[in-house]
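Residue numbers (our numbering): 1 to 443. Ideal placement from N, C-alpha and C gives every residue a C-beta, glycine not left out. This structure is a prediction, so every number in the text was calculated from the model and none was measured.
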């Protein structure tokens with residue numbers, strides 16, 4: 001019979017016997033956490049959560065439409081007990097997930113889908129789609145040997161820590177050093193600082209020009225050998241670095257001109273956080289991706305792929321086993337995701353992200369005008385951030401936040417990023433801002 005015998009105040013000690021347990025000094029209580037608050041049963045405290053497990057908790061904790069829906073919980077338990085191999089054994093629950101996703105989050109221009117567990121593996125399979133397509137394109141052009149394996153990517157990018165993605169990620173060296181990597185073309189990321197006007201705008205345009213020149217040079221240097229350009233619409237781990245639509249349009253044009261895919265890694269920016277289901281939906285059709293990689297808030301990870309892949313008849317969506325996975329995601333995650341997607345739709349949570357996010361951003365700007373140590377306030381929807389002068393001050397702010405029972409999250413070298421639940425309310429923002437002001441006065 002299953003029993004919890006490890007006391008709440010012994011969780012870290014127990015884990016440290018076998019793993020590097022260097023996370024938050026708390027014990028997350030899954031029963032007592034509620035809404036925008038995570039309950040810490042180690043220190044018997046309630047924390048306001050602007051972290052949400054690295055942006056992977058879409059509805060906060062114990063949402064009433066989750067915990068009070070008996071049919072949902074029954075199907076969740078069935079999926080957990082069975083855990084079938086979705087790639088070959090199909091269930092009504094799997095079909096219900098796909099149908100719900102299609103209604104809420106699959107755009108008509110990205111009809112092909114593939115599901116897997118893990119954001120990095122979503123990116124891996126996006127790359128495999130592009131490689132398979134490009135190599136076959138090159139064969140059709142007369143090449144006799146396989147060519148088309150390189151992926152153009154950007155500085156300060158984070159795309160995961162597995163296989164191919166190790167060659168793309170370049171935030172903290174400790175995450176990739178001493179592992180074998182491919183020598184793929186890496187170009188500079190435009191420097192976009194806010195407010196985006198005057199000198200900041202001039203610098204952004206200049207840095208975009210430099211980046212585009214590097215992109216074009218890479219395609220010239222590696223003729224017919226680049227299968228994809230991959231980029232995050234907002235570089236999250238790298239420092240919440242925003243990109244202008246004008247820049248993304250140029251990337252799309254270059255990708256099309258060179259028979260390459262434009263891949264958007266929306267693992268962190270997707271599923272409502274920016275006020276649109278996908279961050280790229282803030283941009284025009286000219287900046288649309290050929291592939292989107294998703295995860296985190298979706299619960300299920302995977303890719304959505306556009307019509308470009310159909311230019312090659314024998315693409316990975318036509319030939320069995322070219323891309324595959326035993327569990328093809330995870331049925332438990334799919335059942336949970338189905339419920340979450342329905343709630344996002346019913347409760348207009350994308351609109352809430354816009355409304356509450358604008359409120360948060362305006363107050364951050366107000367703070368920045370009051371405190372010189374704050375700068376570069378930016379955001380789309382609830383995906384908001386600002387910079388401190390240095391890493392030390394940023395880290396001190398996070399530590400002080402925990403002392404005041406608020407969880408903040410850093411990124412880049414000196415940035416605080418906000419990643420609240422989609423259902424967060426103005427009163428929670430006010431509570432967080434009150435704590436922020438206290439901390440800023442102390443730093």
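Only exposed fits residue 442, as fewer than 16 other CB atoms lie within 10 angstroms of its CB. For residue 413, the closest C-alpha among the options 257, 438, 237, 350 is that of 237. Straight-line spacing of the CA atoms in residue 280 and residue 431 works out to 31 Å. In the three-state reduction of the DSSP assignment, residue 87 falls in the coil class, being assigned neither a helical nor a strand state.
Taking the C-beta atoms as reference points, residue 261 is found nearer than 8 Å to residue 130. Out of 265, 235, 10, 286, the CA that lies nearest to the CA of residue 254 is found in 286.
Around the beta carbon of residue 275, 16 or more other beta carbons lie within 10 angstroms, which makes this residue buried. If the five residues before and after residue 125 are omitted, its C-beta is found closer than 7 Å to the C-beta atoms of 114, 116, 303, 323, all from its own chain and listed in chain order.
DSSP places residue 45 inside the beta strand (DSSP E), whose first and last residues are 45-49. In the three-state reduction of the DSSP assignment, residue 242 falls in the strand class. Partner residues in the beta bridge of residue 302, as assigned by DSSP, are 115, 294. Rounded to whole angstroms, residue 162 and residue 198 show a C-alpha spacing of 41 Å.
Here the alpha carbon of residue 333 sits roughly 43 Å from the alpha carbon of residue 220. In the pairwise beta carbon analysis, the segment 257-272 is classified as touching the segment 290-300: at least three pairs are separated by under 8 Å. For residue 169, the secondary structure class from DSSP, reduced to helix, strand or coil, is coil. Contact fails between the segment 199-210 and the segment 158-174, because fewer than three Cβ pairs, one in each stretch, are under 8 Å apart. Around the Cβ of residue 380, a 10 Å sphere holds 16 or more other Cβ atoms; the residue is buried. Taking 8 Å as the cut-off, the beta carbon of residue 418 is found closer than this to the beta carbon of residue 384. Beta-bridge partners of residue 329 (DSSP): none assigned.
As far as DSSP is concerned, residue 423 takes part in no beta bridge. Membership of residue 373 in any beta strand (DSSP E) is not indicated, and neither H nor E is assigned to it by DSSP.
In the DSSP secondary-structure assignment, residue 410 is bridged to 416. Residue 152 sits away from residue 192, with the two beta carbons spaced by 8 Å or more. Distance from the CA of residue 2 to the CA of residue 368, rounded to the nearest whole angstrom, comes to 51 Å. Its chain contains 327, 330, 331, 332 as the residues whose beta carbon lies nearer than 8 Å to that of residue 83, once the 5 sequence neighbours on both sides are disregarded; these appear in chain order. Classified as exposed, residue 77 has fewer than 16 neighbouring CB atoms from the shown chains inside 10 Å of its CB. Excluding sequence positions up to five before and after residue 373, its CB lies within less than 8 Å of the CB of 388, 389, 393, 440, 443, all in the same chain and listed in chain order. Under the DSSP definition of a beta bridge, residue 154 partners with 187. About 34 Å separates the Cβ atoms of residue 335 and residue 361, ruling out a contact at the 8 Å cut-off.
The residue among 251, 249, 232, 250 with its C-alpha nearest the C-alpha of residue 242 is 232.
With respect to residue 410, residue 398 sits close: the two C-beta atoms are nearer than 8 Å.
Under the DSSP assignment, residue 211 falls outside any beta strand (DSSP E), being part of the alpha helix (DSSP H) whose first and last residues are 198-221. Per DSSP, reduced to three states, the secondary structure at residue 390 is coil, with no helix or strand assignment. For residue 94, the enclosing alpha helix (DSSP H) begins and ends at 92-104. In this chain, the alpha helix (DSSP H) harbouring residue 71 covers 70-82. Distances from the alpha-carbon of residue 96 to those of 239, 195, 284, 72 put 72 closest.
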